[in-house]
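Notes follow once the structure below has been shown.
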Amino acid sequence: MKQKCSKCNHEVNKDMKNCPNCDADLTKQRKIATFGCLGFVLIAIIIGIWFFSGESETPQLTDAEKRVQHIENCLSAWDGSHPELEERIKSSLNDEESYEHIETRYLDNDSSITLITKFSAKNSFGGTLKKDVIAEINNNCELIEIIQWYE
Ligand SMILES: [Zn+2]
615 MKQKCSKCNH
625 EVNKDMKNCP
635 NCDADLTKQR
645 KIATFGCLGF
655 VLIAIIIGIW
665 FFSGESETPQ
675 LTDAEKRVQH
685 IENCLSAWDG
695 SHPELEERIK
705 SSLNDEESYE
715 HIETRYLDND
725 SSITLITKFS
735 AKNSFGGTLK
745 KDVIAEINNN
755 CELIEIIQWY
765 E
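Going by our numbering, the residue at position 68 of the sequence shown is 682; the numbering climbs one at a time, nothing skipped.
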């Protein structure tokens, strides 16, 4: 492995004691480099401790944040869809296999949650259409009813 003499920048061999170009003491230079390295590790450890001590404090969620978390728990972590509503939509299609979820948004009504699911599917003529379904779920994530279909 090669390294450079910090005094003259001449390339020197790792196990040389003195620089062949300027005769500088290379062992001294290595000690300084090692110390610099240790200093860096020490800083990394301090930052690590500081980071993890901050992390261990349990975050206090506000009621609004808890509510958002509750609603989002009703929806698939994968694509944000509502599984029960999705099953209901699929069962009404000519071609269940062609169903593709696009997005699901929600409106919070406190006592229930309104879902707006956008999806695409093939119709009986083989054309692809996009539809919006508006549905309502209760606070236990259960589907109450489909309110409206939009094309
Ligand atoms: Zn040198």
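The beta-carbon is built from N, C-alpha and C at its ideal position, and this holds for glycine as well.
At what residues does the beta strand (DSSP E) containing residue i begin and finish?
i: Glu750; result: 742-752
i: Glu625; result: 625-627
i: Asn616; result: Checking the sequence, you will find Lys at residue 616 rather than Asn. Element bounds for Lys616: 616-618.
Who are residue i's beta bridge partners in DSSP?
i: Leu757; result: Ile751
i: Gln762; result: Ile748
When the distance is taken between beta carbons, is residue j closer than 8 Å to residue i?
i: Asp709; j: Ala735; result: yes
i: Ser712; j: Ile751; result: no
i: His715; j: Ser695; result: yes
i: Leu699; j: Thr728; result: no
i: Ala749; j: Leu743; result: no
i: Asp785; j: Ile685; result: Since the first residue of the chain shown is 615 and the last is 765, residue 785 is not available in this structure.
i: Cys619; j: Leu640; result: yes
i: Tyr764; j: Asp746; result: yes
i: Gln617; j: Lys628; result: yes
i: Pro697; j: Ser690; result: yes
For residue i, tell me which candidate among the options has the shortest Cα-Cα distance.
i: Lys621; options: Lys631, Asp637, Asp629, Met630; result: Asp637
i: Phe733; options: Asn723, Gly741, Thr718, Gly740; result: Thr718
i: Cys755; options: Val682, Lys704, Lys745; result: Val682
i: Asp724; options: Asn753, Ile661, Val747; result: Asn753
i: Lys645; options: Lys631, Ala691, Asn623; result: Lys631
i: Arg702; options: Ala678, Gln762, Leu656; result: Gln762
Using a Cβ cut-off of 8 Å (strictly closer), state whether residue i contacts chain B.
i: Asp693; result: The chain inventory of the structure shown lacks chain B, comprising one protein chain alone.
May I have a chain-ordered list of the alpha helix (DSSP H) segments no shorter than 4 residues that lie completely inside the segment 663-726? 677-688, 697-705
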